[in-house]
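Student: Each residue of the sequence shown is one higher than the one before, starting from 28 at the first, in this note's numbering.
Let me begin by handing over the structure; questions about it come next.
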Amino acid sequence: MIITTTHTVEGKQILEYRGIVFGEVITGINVLKDLGAGFRNFFGGRSQGYEEELTMAREQALQEMEQRATQLGCNAVVGVKMDYEVLGADNGMLMVTSSGTAVRVG
């Protein structure tokens, strides 16, 4: 599966557009990661726990989007966009979404 942020695939022709596909992941950040991030916020530095959680959520959203494109009979997703949101002020929920246009290329 070709997944790209561009609207074309170099060397390929888009044969058919099948519609917009999405991948959504909502994940909770556990108390220990929250505590570690709080210390890093106070003392400075990067939060490895949050970064790992973000990476996993992003990969899962892309995988879900790819599965939905496959179900439509597509072999590529073009114009991919990622979005990240924190849900609620204090509940530690992270939402990662990906979207793009499912296409068949040849």
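A virtual CB, placed ideally from N, CA and C, is assigned to each residue, including glycine.
Tell me, which residues are paired with leucine 114 by DSSP?
Tutor: In the DSSP assignment, leucine 114 is bridged to Met120.
Student: Select from Ile53, Ser126, Ala129 the residue whose C-alpha is nearest the C-alpha of glycine 115.
Tutor: Ile53
Student: Using the DSSP secondary-structure output, state which residues sit across from glutamate 79 in a beta bridge.
Tutor: Its beta-bridge partners do not exist; DSSP assigns none.
Student: Only counting the same chain, and skipping five residues up and downstream in sequence, which positions put a Cβ closer than 8 Å to that of alanine 88?
Tutor: Gly50, Glu51, Val52, Met109, Val123, Thr124, Ser125
Student: Closest to tyrosine 44 by C-alpha separation, out of Met28, Gln94, Asn102, Glu112, would be which residue?
Tutor: Asn102
Student: Since valine 48 sits in a beta bridge, which residues does DSSP pair it with?
Tutor: Gly127
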